[in-house]
Amino acid sequence: MTLMRQVLSSTPWVDRTRSFARALRTSTRVEHGLLLVGTPEDEPWHLAAHLDDETRFAGIPELAPVLVRHRVPANAPAHLSVGLERLANATRGETLFVVAPSTAPELLLERISDARRHGATILSMHAGDSDLESVTHESLVLPPHGLIIPGDSGLSGFGGLGAQQLVVGLDLASVGTLLDADGRRANDDDDDDESCAELTPDASFDVLSHLVSTAIGEGAIASSSVTSAQSSARRGPTAIRDRLGRLLDTISGPSARDTSVDR
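When the letters of the sequence shown are read in order and numbered with this note's numbering, they come out as residues 5 to 267.
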C-alpha cells in the first residue's frame with residue numbers, strides 16, 4: 005500500500021483520502037461513534053478490519069468502527085449483531101461512514117436520512133450515486149471508470165517502474181484497460197513508458213479503502229506528536245528555570261525566602 009500511495013502521489017487521490025480521513029477523525033467525538041455500513045451486496049468487512057487495526061495501533065481505540073449489517077444472523081456475536089436500526093439512533097458526535105460500491109437501496113437511504121436528522125455526520129465513499137450524495141455531508145467519489153495508475157512520468161524515483169511493470173505485480177483480474185499517455189487503448193506489444201493502467205471499480209474501491217484507513221492512523225499519530233511537542237515547548241522555560249534554581253540551591257544553599265518559610 006505504501007508503494008500504491010507513492011504511485012498515486014502525482015494524482016489528487018492521496019490528498020483527497022487524507023482530507024477524508026481527517027473529516028472522519030474530527031467528526032467522531034464519542035466512543036464507538038464511528039458507524040460503518042455498506043450495501044446489502046457489499047458489506048465492508050475488509051475495511052472494518054483495517055480501520056480496527058489502524059485505530060488500535062495509533063492509540064485511538066475510541067475510533068474503532070462499529071460494523072452495521074443489513075442482515076444479522078441469529079447466532080452472531082455481539083460485536084457483529086448491530087443492525088440498521090442503530091442508524092436511526094445515531095446522534096450528534098457520531099459519524100456514519102457509508103461505503104457503497106453499488107447503488108444504495110431505498111431502505112438504507114431512509115436510515116441515513118434518520119441519522120442525519122438526529123445530528124450525526126454522514127460521510128460516504130461511492131461511485132456516483134446521486135441519491136446517496138444528496139444525504140451526505142462529505143464524500144469521496146470514485147470515477148465510474150476506476151482509478152488510473154500513471155505511467156513512468158508520474159513515477160520518478162522508482163527506478164523506471166511504470167504502469168506496465170506495476171500491473172505485473174497486481175492481480176490481473178483487478179486490472180482494466182491498459183491505456184497510453186493520450187488515453188488510447190495500448191497495444192499488447194506497446195513498450196511506451198507513458199502507458200498507464202486502469203483498475204476496475206472493485207479494485208479501485210479496495211485501494212481507496214486502504215488509503216483512507218492508513219491515513220486515519222497516520223493523522224492521529226501526527227496530531228498526537230504535534231500536541232506533545234507543543235506541550236513540551238510550553239513547559240520548556242519553566243523546566244529550565246526549575247533546574248537552574250535547584251542548581252543554585254545546591255551551590256549556595258537555600259534562598260533567604262525559603263529559610264524564612266522554614267522558620
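Note that CB positions come from ideal geometry on N, CA and C, so glycine has one too.
Note that this is a predicted model, so its numbers are computed, not measured.
Sheet register partners of residue i (DSSP bridge)
i: Ile64; result: Bridge partners of Ile64: none, in fact.
i: Phe101; result: Leu40, Leu127
i: Arg121; result: The partner list for Arg121 (beta bridge, DSSP) is empty, contrary to what the question assumes.
i: Gly87; result: Arg73
i: Val145; result: His130
i: Ile153; result: Ala201
Beta-carbon spacing of residue i, residue j below 7 Å
i: Leu40; j: Pro69; result: yes
i: Leu84; j: Thr32; result: no
i: Thr140; j: Ile126; result: yes
i: Gly221; j: Glu58; result: yes
i: Val216; j: Ala25; result: yes
i: Thr21; j: Ala219; result: yes
i: Met8; j: Val211; result: yes
i: Pro48; j: Ala131; result: no
i: Ala62; j: Glu142; result: no
i: His122; j: Ala94; result: yes
i: Gly37; j: Gly97; result: yes
Rounded distance between the beta-carbons of residue j and residue i, thought under 8 Å
i: Pro109; j: Pro44; result: 7 Å
i: Ala92; j: Arg75; result: In fact, because the Cβ distance is near 17 Å, the residues do not count as touching under 8 Å.
Candidates the options: closest to residue i by CA position
i: Arg14; options: Pro154, Thr21, Leu88; result: In the sequence as displayed, the identity of residue 14 is Ser instead of Arg. Here the closest residue by C-alpha is Pro154.
i: Ala207; options: Asp133, Leu151, Glu222; result: Leu151
i: Ala124; options: Thr99, Ala82, Arg90; result: Thr99
i: Leu136; options: Val11, Gly42, Arg9; result: Gly42
i: Val102; options: Glu202, Ala82, Leu71; result: Leu71
i: Arg73; options: Thr95, His54, His149, Leu111; result: Leu111
i: Asp46; options: Pro16, Gly37, Met129, Asp118; result: Met129
i: Asp133; options: Ala119, Leu113, Arg120, Asp118; result: Leu113
i: Phe209; options: Val11, Trp17, Gln10; result: Trp17
i: Arg3; options: Ser138, Ser117, Ala78; result: Limits of the chain in this structure are 5 at one end and 267 at the other, which puts residue 3 out of reach.
i: Pro147; options: Arg120, Ser138, Leu203; result: Leu203
i: Ser213; options: Thr30, Leu55, Asp19; result: Leu55
Span of the beta strand (DSSP E) around residue i
i: Leu71; result: 70-72
Where the alpha helix (DSSP H) containing residue i begins and where it ends
i: Ser138; result: 134-138
i: Ala25; result: 17-31
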